[in-house]
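J.: Please find one structure pasted underneath; my questions will follow.
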């Protein structure tokens, strides 16, 4: 017998503006059963034991505030936490292993941060009893027979020290007013804080206060403070955010160092390449965002990431997505897109006080996506702004045969109305036509945002709306700066596929800057590679075939990639591994490995 999960989104629910359709149309309610009653604040409360799961209330709700889900009865035994009546609940927890890095991947709002908060001791699991929280003895009994029993005993007795790098690093700016060096020294229990800061490239940031740091510097400062604590378990919530590929590898090395010293480490992140590099084993958390999350059985990093992409978990015998995410090898082999150019540019020069940019001449063809890769502060965004006409070059010319639509790196929710109103104002009725609906609006999940006010959207929701607006404007070319920012791992893959498919099918072109190698690999036909000295000078190559561009980029990075034989996704070879040495010997840093060769 399935049990019901009924979740009410109180941000969407407006009981004073509706006719209580959820209650009025509920079949059991009409026969005298009190399935839906209203609390003292006027919000509906659903009795899940009486709900029959017909979903009539879900369809009748004018604000799409209700979700009803049927789950297998046996899952109830694994309910670890529930926030309240008709609210999110989490089933099972990741396994923590000494001297190992546990990776956690999954969509936004399925419980990754909740699991981290419970395992780090910031939150006590209530095993579903939000109205009658259990004591520690009951919690120990709940985890009887699992590795987590001993873990929670140590946590409860104060025998396990935890060090946590939170997701919301921006709070550091308001909580610390002195220099970054003083912050590191204040919490440095091990004497390795400044050495970690040097490893993470923070030398120039140490004498600045957090308000003066970029997002990447602030992220690496938070990681430095976390790694400098004397702890048994370390927790990193989205440590790759704001960092470029070079910086992400440095972060990964620091995290690996903690595990190599015998600590237990848990990492939550959306960058598949980063997790593949840093994690020993992986848990996938799947479910309905904002409704429930289920932690999968433990898997190797390879098997876990592949299962996430496939949408099927063999250990749980669960399919959580109807179709797999496939990485095409398109653009890797030698070849040209045989279409006319829609944009061309001569050598470009642009200078600012203390910074110089030089771009080699190039062109973008119809139906082609140009990926842009390189470290932060080398001028990638300036290059995109010049092509989009937002900035003018000091030297050089841009030739356009079409309009260009630009999505900036940093988004602001300046419009105060709903997402639907913004779409109408910006695009008229065109966003409701095919193929806009089938190729952009629905795949990116924008339909679910239509009645939400733009200032209330999360970073990921705002990003998906901004990408939609960019792609559906009347233009022949699209310039997108870091479209993966704030998106979860599945959303990133969906966005990459949507951009690629829409550009090809509609005969458009696109230029995409991003630090997620998996996204760049999916979306790009050619690459522009930026090199130079961050913050001082940048040089951009002419557009290169993807294999050639990736080889240049990865050689500079010092890492080799292979393609997974099952999914075709790019994977980092472990430093010094047989395949890493072999590919470096060949000069093939971006390489299609033989089927079955795991390296």
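Numbering (this note's numbering), first residue to last: 71 to 669.
We treat Cβ as the ideally placed atom computed from N, Cα and C, and that holds for glycine.
If residue 58 and residue 178 are in contact, beta carbons under 8 Å, what's the gap, nearest whole angstrom?
T.: In the structure displayed, the chain extends from 71 to 669; residue 58 sits before or after that span and is not available.
J.: Per DSSP, what kind of secondary structure is residue 640 in: helix, strand or coil?
T.: Residue 640 falls in the strand class under three-state DSSP.
J.: What ranges does the beta strand (DSSP E) occupy inside the stretch 320-389, keeping only unbroken runs of at least 3 residues that lie completely in it?
T.: 334-338, 351-358, 362-365
J.: Skipping 5 residues on each side, what residues in its chain have a beta carbon closer than 8 Å to that of residue 279?
T.: 246, 247, 248, 249, 250
J.: Of the residues 355, 128, 549, 214, which one's Cα is nearest the Cα of residue 139?
T.: 128
J.: In three-state DSSP terms, what is residue 80?
T.: coil
J.: What three-state label does DSSP hand residue 101 in the structure shown?
T.: Residue state, collapsed to three classes: coil.
J.: If you run the structure through DSSP and keep just helix, strand and coil, what is residue 256?
T.: Helix, per DSSP.
J.: Please go through the stretch 403-473 and give each complete beta strand (DSSP E) segment of 3 or more residues, from N-terminal end onward.
T.: 411-415, 418-422, 425-429, 432-435, 439-443, 468-470
J.: Taking the straight line between their C-alpha atoms, what separation do you get for residue 622 and residue 601?
T.: 10 Å
J.: Is any heavy atom of the ligand MN found at a distance shorter than 7 Å from the C-beta of residue 294?
T.: Judged by which ligands are present, the structure shown has none, so any question about the ligand MN falls away.
J.: Shortest alpha-carbon distance to residue 183 belongs to which of 586, 470, 364, 79?
T.: Looking at the Cα atoms, 364 is the closest of the given residues.
J.: Less than 8 Å between the beta carbons of residue 266 and residue 294, yes or no?
T.: Against a cut-off of 8 Å, the Cβ pair of residue 294 and residue 266 comes out as a contact.
J.: Alpha carbons only, please: which of 215, 584, 543 is nearest the one belonging to residue 501?
T.: 543
J.: So, helix, strand or coil for residue 505, using DSSP?
T.: coil
J.: Are the CB atoms of residue 589 and residue 554 nearer to each other than 8 Å?
T.: yes
J.: Verify whether the separation of the beta carbon atoms of residue 270 and residue 324 is less than 8 Å.
T.: yes
J.: Note down the Cα distance separating residue 639 from residue 585, rounded to an integer number of angstroms.
T.: 16 Å
J.: Can we say the stretch 627-634 touches the stretch 642-662, given the rule of at least three CB pairs closer than 8 Å?
T.: yes
J.: Check whether the stretch 287-306 touches the stretch 250-259, counting contact only when three or more Cβ pairs, one atom from each stretch, lie closer than 8 Å.
T.: Output reads yes: the stretch 250-259 touches the stretch 287-306.
J.: With 8 Å as the threshold, decide whether the Cβ of residue 131 is near any Cβ in chain B.
T.: Among the chains of the structure shown, chain B does not appear; only one protein chain is present.
J.: Please go through the same chain and pick out, in chain order, the residues whose beta-carbon is closer than 7 Å to the beta-carbon of residue 101, but skip the five residues on each side of it.
T.: none
J.: So, for residue 168: in the same chain, excluding its five sequence neighbours on each side, which residues have a beta-carbon less than 7 Å away from its beta-carbon?
T.: 332, 334
J.: Given this structure, state the Cα-to-Cα distance separating residue 299 from residue 170, to the nearest angstrom.
T.: Residue 299 and residue 170: Cα-Cα distance of roughly 18 Å.
J.: With distance defined between alpha-carbon atoms, name the residue in 509, 257, 512, 285 nearest to residue 728.
T.: Shown here, the chain extends from 71 to 669; a query on residue 728 therefore has no answer.
J.: Give the straight-line distance between the Cα atoms of residue 441 and residue 452, rounded to the nearest whole angstrom.
T.: Between the alpha carbons of residue 441 and residue 452 lies a distance of about 15 Å.
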